[in-house]
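*Asks:* Quick one: the structure is below, and I'll ask about it shortly.
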Amino acid sequence: MGTTAHAEIIAIGTELTCGSKLDTNSQWLSRELESLGWTVMRHTTLPDELDLIIEELQRAAKRSQAVLITGGLGPTLDDLTREAMAAAFHQPLVRDAESLQRIEAMFTARGRPMPARNVVQADRPEQATAVRNDWGTAPGILLKVPGPNAQQDCLLAAMPGVPAEMRPMFEHLIRPHLLDSGIQMCRTVIRTFGYGESEAERLLDGLTARGRNPEVGITASEAVISLWITARAASAETARSLCTETELRIRERLGMAVFGEGDAELHDVTSDLLISSGQSVALLEGAVTGGQIAMWLTEKPATASVLHESLVLPVWEPGCSLDTWPQFARDLMTGYFRSHSCKWALLSSPVEDQQAPGGVSVRRGMVALASADELETADVSMSGNLAIFRQRAARTALNMLRKRLQSARSM
Numbered sequence: 183m184g185t186t187a188h189a190e191i192i193a194i195g196t197e198l199t200c201g202s203k204l205d206t207n208s209q210w211l212s213r214e215l216e217s218l219g220w221t222v223m224r225h226t227t228l229p230d231e232l233d234l235i236i237e238e239l240q241r242a243a244k245r246s247q248a249v250l251i252t253g254g255l256g257p258t259l260d261d262l263t264r265e266a267m268a269a270a271f272h273q274p275l276v277r278d279a280e281s282l283q284r285i286e287a288m289f290t291a292r293g294r295p296m297p298a299r300n301v302v303q304a305d306r307p308e309q310a311t312a313v314r315n316d317w318g319t320a321p322g323i324l325l326k327v328p329g330p331n332a333q334q335d336c337l338l339a340a341m342p343g344v345p346a347e348m349r350p351m352f353e354h355l356i357r358p359h360l361l362d363s364g365i366q367m368c369r370t371v372i373r374t375f376g377y378g379e380s381e382a383e384r385l386l387d388g389l390t391a392r393g394r395n396p397e398v399g400i401t402a403s404e405a406v407i408s409l410w411i412t413a414r415a416a417s418a419e420t421a422r423s424l425c426t427e428t429e430l431r432i433r434e435r436l437g438m439a440v441f442g443e444g445d446a447e448l449h450d451v452t453s454d455l456l457i458s459s460g461q462s463v464a465l466l467e468g469a470v471t472g473g474q475i476a477m478w479l480t481e482k483p484a485t486a487s488v489l490h491e492s493l494v495l496p497v498w499e500p501g502c503s504l505d506t507w508p509q510f511a512r513d514l515m516t517g518y519f520r521s522h523s524c525k526w527a528l529l530s531s532p533v534e535d536q537q538a539p540g541g542v543s544v545r546r547g548m549v550a551l552a553s554a555d556e557l558e559t560a561d562v563s564m565s566g567n568l569a570i571f572r573q574r575a576a577r578t579a580l581n582m583l584r585k586r587l588q589s590a591r592s593m
């Protein structure tokens with residue numbers, strides 16, 4: 183099929199465009215298509231309006247080699263997908279005898295008479311193929327029409343909008359028609375902390391350029407930057423090789439900012455490093471993190487053992503300010519390590535709110551990594567939501583410990 187295989191997804195239903203329901207089908211189908219080597223170029227959501235659906239089907243067929251459609255296959259007057267597919271490609275609707283028999287048999291098995299209106303669910307465009315539905319009443323539809331150019335057709339596949347019917351229909355009956363994309367895909371996700379999106383892109387220097395293979399996408403969530411490496415090639419081996427090469431270049435350029443792959447969480451990576459080194463950490467959290475670090479470290483019973491002990495202080499010692507907190511924390515931890523066996527401690531300061539120029543309120547605070555020999559601090563001041571502030575501060579503290587543990591392991 184060439185070096186690219188383009189697909190798009192059309193979700194039909196006024197309940198989607200008006201916001202009454204969330205379209206989860208398109209997200210799920212995109213993942214499935216990407217795993218088969220297809221590049222999903224567009225998601226479209228349309229109301230139950232015949233002219234709009236006809237127009238979009240015609241346009242989609244001229245853009246892509248595959249168009250997946252969900253919704254609009256029910257028995258009611260606003261279920262227009264069958265009619266739209268027929269009209270868009272100038273074919274009459276015909277009644278599929280086998281589909282009608284299956285629908286009638288399903289109602290009989292339920293001990294109910296089939297409503298007269300349900301016969302329309304057996305209709306399909308004349309040149310289409312009905313796709314049996316073993317999970318509901320609405321058959322799917324497969325229709326091949328002229329595609330983006332003279333050498334390429336477009337396959338349209340219409341499926342029910344109910345996920346419990348759409349997913350198995352795709353997996354068992356639609357997916358086999360999409361295996362000839364000619365493209366093998368490899369995807370790796372690299373997780374980083376410490377750089378913002380713009381700074382990470384600058385350091386990657388061209389690896390995120392549009393049109394590059396592998397493609398490197400950047401997403402940010404709660405101060406964690408994820409780099410999505412997607413390689414496409416004619417063979418799986420070549421795709422994996424391209425992906426691995428780009429991953430190595432990213433790790434080289436971002437260094438210790440890389441903490442994991444896939445869906446790895448920073449606190450889990452840090453816990454695993456503590457476990458593998460036989461070490462533990464104590465927590466003394468002020469209002470900056472407010473117990474967030476302890477909550478993360480105790481989420482899983484298997485990793486909770488890394489926590490030596492934890493204390494949350496809504497208020498530090500009277501008179502303790504951000505200016506005096508580092509020395510106060512240093513003196514406190516010097517005595518602590520004399521009487522406790524843990525090697526590390528993570529601390530967070532009280533919070534001070536200040537007005538920055540322009541009237542913006544800024545939360546000022548610090549976190550620290552302590553050992554018997556030293557105290558390393560980091561400023562985590564920022565404006566915005568308190569929950570986001572605390573999560574970012576907690577990750578900053580954990581990242582300090584994670585980098586120290588990784589450095590020790592590589593020595």
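Here the sequence shown is numbered in the numbering used here, starting from 183 and rising by one per residue. Ideal Cβ positions, reconstructed from N, Cα and C, are used throughout, including at glycine. Source: prediction; values computed, not measured.
1. For V344, does the three-state DSSP call read helix, strand or coil?
2. One question on the structure: do L262 and R306 come within less than 8 Å of each other, judged by their Cβ atoms?
3. State yes or no: is the beta carbon of K525 nearer than 8 Å to at least one beta carbon in chain D?
4. Where does L597 fall in DSSP's three states?
5. Using a Cβ distance threshold of 8 Å, determine whether the region 356 to 376 contacts the region 434 to 448, with at least three qualifying pairs required.
6. Whole angstroms is fine: what's the gap from P483's alpha carbon to L587's?
7. To the nearest angstrom, how far is the alpha carbon of P350 from that of D316?
8. Any chance the region 486 to 495 sits against the region 535 to 554, with 3 or more Cβ pairs inside 8 Å?
9. Of the residues M564, C524 and H188, which one's Cα is nearest the Cα of G460?
10. Please report how far the alpha carbon of E443 lies from the alpha carbon of T428, in whole angstroms.
11. Give me, in chain order, the residues of the same chain whose beta-carbon lies closer than 7 Å to that of S563; leave out the 5 immediate sequence neighbours on both sides.
12. Going by DSSP, which residues form a beta bridge with L337?
13. Would you please state the rounded distance, in angstroms, between the beta carbons of A413 and P396? I believe it to be under 8 Å.
14. DSSP puts L389 in a beta bridge; with which residues?
15. Does the region 431 to 441 come close enough to the region 455 to 469 to have 3 or more Cβ pairs within less than 8 Å?
16. Is it true that the CB of Q303 sits closer than 8 Å to the CB of Q247?
17. How about L338 and I251: are their beta carbons less than 8 Å apart?
18. Taking all protein chains shown into account, do 16 or more other C-beta atoms lie within 10 angstroms of the C-beta of K244, making it buried, or fewer, making it exposed?
19. On the DSSP bridge assignment, give the partners of T221 in chain order.
20. Throw me the rounded Cβ distance for the A405 and E379 pair, which I believe falls under 8 Å.
21. Since V549 contacts V470 with CB under 8 Å, what's their CB separation in whole angstroms?
22. Grab me the residues of M438's own chain with a C-beta within less than 6 Å of its C-beta, minus the 5 sequence neighbours each way, in chain order.
23. Threshold first: 4 residues or longer. Then list the alpha helix (DSSP H) segments lying entirely within the region 470 to 515, N to C.
24. Can you give me the C-alpha to C-alpha distance between I323 and R224, rounded to a whole angstrom?
25. Quick one: Cα of P297 to Cα of G318, how far?
26. In chain order, what residues of the same chain lie with their CB nearer than 8 Å to the CB of M183, ignoring the 5 residues before and after it?
27. Give the secondary structure of C368 by DSSP, where H, G and I count as helix, E and B as strand, and everything else as coil.
28. In terms of DSSP beta bridges, what is P307 paired with?
29. Rounded to a whole number of angstroms, what is the C-alpha to C-alpha distance between E534 and W478?
30. Please classify R294 as buried or exposed, where buried requires at least 16 neighbouring CB atoms within 10 angstroms.
31. Between which two residues does the alpha helix (DSSP H) containing M265 stretch?
32. Taking all protein chains shown into account, decide if P532 is buried (16 or more other Cβ within 10 angstroms of its Cβ) or exposed.
33. Counting only the same chain and skipping the five closest in sequence on each side, list residues whose C-beta sits under 6 Å from that of S462.
34. Could you compute how far the alpha carbon of G253 sits from the alpha carbon of L580?
*Replies:* On the basis of the supplied data:
1. coil
2. no
3. Of the protein chains in this structure there is only one, and it is not chain D.
4. No statement about residue 597 is possible, as the shown extent of the chain runs from 183 to 593 and does not include it.
5. yes
6. 21 Å
7. 9 Å
8. no
9. C524
10. 14 Å
11. V544, R545, R546 and G547
12. A248 and K326
13. 4 Å
14. According to DSSP, which records beta bridges pairwise, L389 is partnered with nothing at all.
15. no
16. no
17. yes
18. exposed
19. H188
20. At roughly 10 Å, the Cβ-Cβ gap does not stay under 8 Å, so A405 and E379 are not in contact.
21. 6 Å
22. K585
23. 474 to 479
24. 20 Å
25. 15 Å
26. Because M183 sits at a pLDDT of 46, beneath the cut-off of 50, its placement in the model cannot be relied upon, and the following sentence gives the value as read from the coordinates. Result list for M183: Q247, Q334, D362, S363, G364 and I365, in chain order.
27. strand
28. L275
29. 24 Å
30. exposed
31. It is worth fixing the name first, because residue 265 is Glu in this sequence and not Met. Residues T263 to A270.
32. buried
33. V488, H490 and C524
34. 46 Å
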